[in-house]
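Visitor: Handing you a structure now.
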Amino acid sequence: MQDGFVQTAPDAGSYTVIQWEYLPQELEFGATVKVLRRQDGQVCLMPRNPAYQPLPGDRAQIIGKVVGVLRLL
Numbered sequence: 001m002q003d004g005f006v007q008t009a010p011d012a013g014s015y016t017v018i019q020w021e022y023l024p025q026e027l028e029f030g031a032t033v034k035v036l037r038r039q040d041g042q043v044c045l046m047p048r049n050p051a052y053q054p055l056p057g058d059r060a061q062i063i064g065k066v067v068g069v070l071r072l073l
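Read in order, the letters of the sequence shown correspond to residues 1 to 73 in UniProt numbering.
Now the structure itself:
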């Protein structure tokens, strides 16, 4: 998991449940999870980590939607 979603990222060893329709996004270097927002009439993908900038929606491919996280006890 990229650190752009660090504040809501699953713990190591957890499973992320994805419904393949909206998020996460796929980049040249792999996949990451961001929050989909509309900003100034444009779609943008927002990182939860404030150290990262929003990514214009036309620069990424959305490959699914996170619908839950399973944590192992």
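Glycine residues also receive a C-beta, built at the ideal position from the N, C-alpha and C atoms.
All values reported here derive from a predicted model rather than from experimental measurement.
Note down the Cα distance separating Q39 from L72, rounded to an integer number of angstroms.
Guide: Counted from its first residue, the sequence shown places residue 39 at position 39. Counted from its first residue, the sequence shown places residue 72 at position 72. If I take the Cα positions, the gap works out to 36 Å.
Visitor: Taking the C-alpha atoms as reference points, what is the distance between V43 and G64?
Guide: Residue numbering aside, residue 43 sits at position 43 when the sequence shown is read from its first letter. Residue numbering aside, residue 64 sits at position 64 when the sequence shown is read from its first letter. About 16 Å.
Visitor: For R48, which of helix, strand or coil comes out of DSSP?
Guide: Here residue 48 refers to the residue found at position 48 when the sequence shown is read from its first residue. In this structure, R48 counts as coil in the three-state DSSP scheme.
Visitor: Per DSSP, what are the beta-bridge partners of Q39 in this structure?
Guide: As a working note, residue 39 is residue 39 in the sequence shown. Partner(s): Q42.
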